[in-house]
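In this text, residue positions in the sequence shown follow the working numbering: the first is 45, and each later residue adds one. For each residue, glycine too, the CB sits at the ideal point set by N, CA and C.
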Amino acid sequence: RSFRGGNECHGWMGIKFQSRPNDEPSQIVMHVRMLDAEASLQQEALGIVGVNLCYAAFFHNHTPEVLVESLLDMLTTGRIEIDMIEFSGIEFRNVDNRVMALQLVQLGLSGAAMFSADREVLQPSEVLYKKAVLVERGSFRPTTNVNLDMVECALEKFKADPAVADKPVLPIMELTMRNLLAGGKDVVDRRDFLARAELLAACGMTVMISDYFEYYRLAAYLAQRTKERIGIVMGVPSLVELFNESYYSQLPGGILESFGRLFKNDLKLYVYPYQKTVGEPSQTIHDLKVSDKLTPLYGYLQQRGSFVHLDNSNPDYASIFSRDVLKRIAENDSSWEKMVPPQVASLIRKRGFFGCPRLQG
C-alpha cells in the first residue's frame with residue numbers, strides 16, 4: 045500500500061516445483077488481495093502466505109483441498125483474500141480447477157470465484173474490468189430453455205441502454221453457496237456441482253460462484269471491479285423475494301438500506317414474466333403485488349426505471365421449471381429433453397447427470 049493508502053493492494057504469487065527428483069514440474073499460481081491497512085502488516089501477511097505455499101506444495105500436493113485450506117495458517121480472511129488459484133502439472137493432473145475455485149468460496153478465502161466456458165479459472169477483477177456486466181442467478185440444475193431465454197432477452201434490452209452502447213458486455217451465470225447447499229446439506233455435492241458447471245459450459249457461459257446471497261452484496265462486489273453498467277436478470281418470484289424484509293434484519297436501515305445499496309449505481313433488474321401453470325396469464329412487474337406497506341416503495345422503484353419488463357420473452361418457455369425437468373428425468377419421462385437446450389440434453393444423456401440413464405455405446 046502506498047503512503048497515501050488509496051491504491052488497491054493485490055498481486056500474483058506462485059510456485060513451480062518437483063515433488064520427486066527428475067519428475068515433470070508442477071505449478072500453483074494464485075491471485076491475492078491484501079486487506080491490511082498498513083504496508084508493514086501486508087508484508088507480514090504476504091510472507092506468511094508465501095511460507096504456507098512452499099510448505100503446502102511439498103507436503104500437501106496429494107490433497108489439494110487441504111493444500112488450499114492450509115494457505116491461511118496463522119492468518120485470517122480479514123487479512124488476505126485469494127480470489128483465484130490454478131493447479132497444473134503432473135502432481136495435479138487429476139485436479140479440476142473449478143472445484144478448487146469452489147473451495148476458495150467455501151472456505152471464505154474469497155467472496156466469489158469465476159471460470160470460463162472452456163473450464164479455465166478466471167481472475168475476477170481482470171475479467172470484469174471496464175465491462176458492462178449482466179448476471180443471472182439460478183440453480184441451473186439443469187440449465188433449461190428458460191434460463192437461456194432469460195439471459196438472451198435481458199441482453200437485448202441491456203445492450204439497448206445508451207449507457208451500454210458500444211461497450212463490451214459480459215453475461216454471467218451465478219451460483220450461490222446457499223443454492224449449492226440447498227436441501228439441508230452441510231457440504232457441496234461435487235458431482236452435482238460439476239454437472240451444473242459442465243452444462244453451463246456446454247451453453248458457452250461464464251460462471252461465477254459467490255457467497256453473496258443478498259443481491260446488494262453481489263452488486264457491491266461487481267461495482268468494485270467495473271465502473272460500467274451492471275444488470276441483474278431474475279424472474280418475478282425472485283423479485284417478490286427481494287421485498288421480504290426478513291432478509292435485511294442485520295442492516296441498520298433494513299430494506300431501505302439494502303435497496304439504496306442495490307440501486308446505487310443506476311443498476312437495473314431485468315425481470316422475466318412468470319407463469320405458474322400452462323394456460324394462466326403471465327405475471328409481470330406491472331401486476332406484481334407486494335405487502336401494502338411496501339407498495340409505495342415498489343411503485344417508486346418501478347417509476348424510476350429500476351425494473352425492466354422482458355416483454356421479448358418466449359411464451360412457450362414461461363412454464364418451464366428446473367424441478368419439473370429433474371422430476372421427469374427421475375421418472376424416465378423423455379419429455380424433459382424438449383425443456384432444455386439440445387446440447388444440455390445430449391450431455392445429460394451421455395454423462396448420466398441427475399440420475400439419468402446413460403446412453404450405451
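| field | S132 in three-state terms, based on DSSP | value | S132 sits in a strand when the DSSP states are folded into three classes.
| Can V406 and D255 be called in contact, C-beta distance under 8 Å? | Since the first and last residues shown for the chain are 45 and 405, residue 406 lies out of range.
| What whole-angstrom Cβ distance do R273 and S169 have, given they're in contact under 8 Å? | Contact flag wrong, Cβ pair sits at about 18 Å.
| CA nearest to the CA of G399, picked from H54, A374 and F102 | When only C-alpha atoms are compared, the closest one is A374.
| Start-to-end residues for the beta strand (DSSP E) that takes in F43 | This structure cannot settle anything about residue 43, because the visible part of the chain is limited to 45 through 405.
| said: For the beta strand (DSSP E) containing R77, name the first residue and the last one. | reply: Annotation: the continuous beta strand (DSSP E) that includes R77 extends over S70 to M78.
| query | Apart from the five residues on each side of it in sequence, which residues of its chain come closer than 7 Å, Cβ to Cβ, to R372? | reply | Cβ contact annotation for R372 (same chain, cutoff 7 Å, sequence separation greater than five): S379 and W380, in chain order.
| said: So the candidates are G396, L262, F61 and G297; which of them puts its Cα closest to the Cα of I216? | reply: Residue L262 is the option with its Cα nearest to I216.
| DSSP on I124, reduced to helix/strand/coil? | I124: strand per DSSP, three-state reduction.
| request: Determine contact between the region 310 to 330 and the region 350 to 368, defined as no fewer than three beta-carbon pairs at a distance below 8 Å. | output: A contact between stretches requires three or more CB pairs, one per stretch, nearer than 8 Å, and the region 310 to 330 meets this requirement with the region 350 to 368.
| message | Can you find the residues in the same chain that come closer than 8 Å, C-beta to C-beta, to A145, ignoring five residues on each side of it along the sequence? | response | Closer than 8 Å at Cβ, skipping near neighbours: M128, I129, A157, M158, F159, V165 and I253.
| message | Output needed for I134: all residues of its chain with C-beta closer than 7 Å, excluding positions within five of it in sequence on either side, in chain order. | response | Residues D67, E68 and S70 of the same chain have their beta carbon placed closer than 7 Å to that of I134, with the five preceding and five following residues left out of the count.
| request: Would you check whether the ligand ZN has a heavy atom nearer than 7 Å to the C-beta of R235? | output: The ligand ZN is absent from the structure shown, which contains no ligands of any kind.
| query | Near L300, what residues of its chain come up, given a Cβ to Cβ distance below 8 Å and the 5 sequence neighbours on each side ignored? | reply | Hits under 8 Å: L341.
| field | Residue closest to S63, alpha-carbon to alpha-carbon, out of A100, A161, K271 and S390 | value | Checking every option, the nearest Cα to that of S63 belongs to A100.
| query | Leaving out five residues before and five after R77 in sequence, what residues of the same chain have Cβ atoms less than 6 Å from its Cβ? | reply | Once the five neighbours on either side are set aside, the close Cβ partners of R77 are H54 and E125.
| Do G275 and Y314 have their CB atoms nearer than 8 Å? | Contact flag set, yes.
| Which same chain residues, not among the five before or five after S394, have their C-beta less than 8 Å away from its C-beta? | Note on residue identity: the sequence assigns Lys, not Ser, to residue 394. Closer than 8 Å at Cβ, skipping near neighbours: R402 and L403.
| Within the region 187 to 223, ranges of the beta strand (DSSP E) (whole runs, at least 3 residues) | If we require 3 residues or more, the beta strand (DSSP E) runs fully inside the region 187 to 223 come out as 213 to 220.
| Three or more beta-carbon pairs under 8 Å between the region 105 to 124 and the region 76 to 91, yes or no? | With the cut-off at 8 Å, the region 105 to 124 and the region 76 to 91 touch.
| Around the Cβ of L338, are there at least 16 other Cβ atoms within 10 angstroms (buried) or fewer (exposed)? | In the assembly as shown, L338 is an exposed residue. Its beta-carbon has fewer than 16 other beta-carbons within 10 Å.
| Which of the three DSSP states, helix, strand or coil, is assigned to E272? | Residue state, collapsed to three classes: coil.
| field | Proximity of V179 and Y361 at Cβ, strictly below 8 Å | value | Cβ atoms of V179 and Y361: not closer than 8 Å.
| When A198, N223, Y259 and L225 are compared against H213, the one with the closest alpha-carbon | One point to set straight first is that residue 213 is Val, not His, in the sequence displayed. Checking every option, the nearest Cα to that of V213 belongs to A198.
| query | What are the boundary residues of the alpha helix (DSSP H) that includes E109? | reply | P108 to S114 is the extent of the alpha helix (DSSP H) around E109.
| message | DSSP three-state label for K312, please. | response | If DSSP states are grouped into helix, strand and coil, K312 belongs with the strands.
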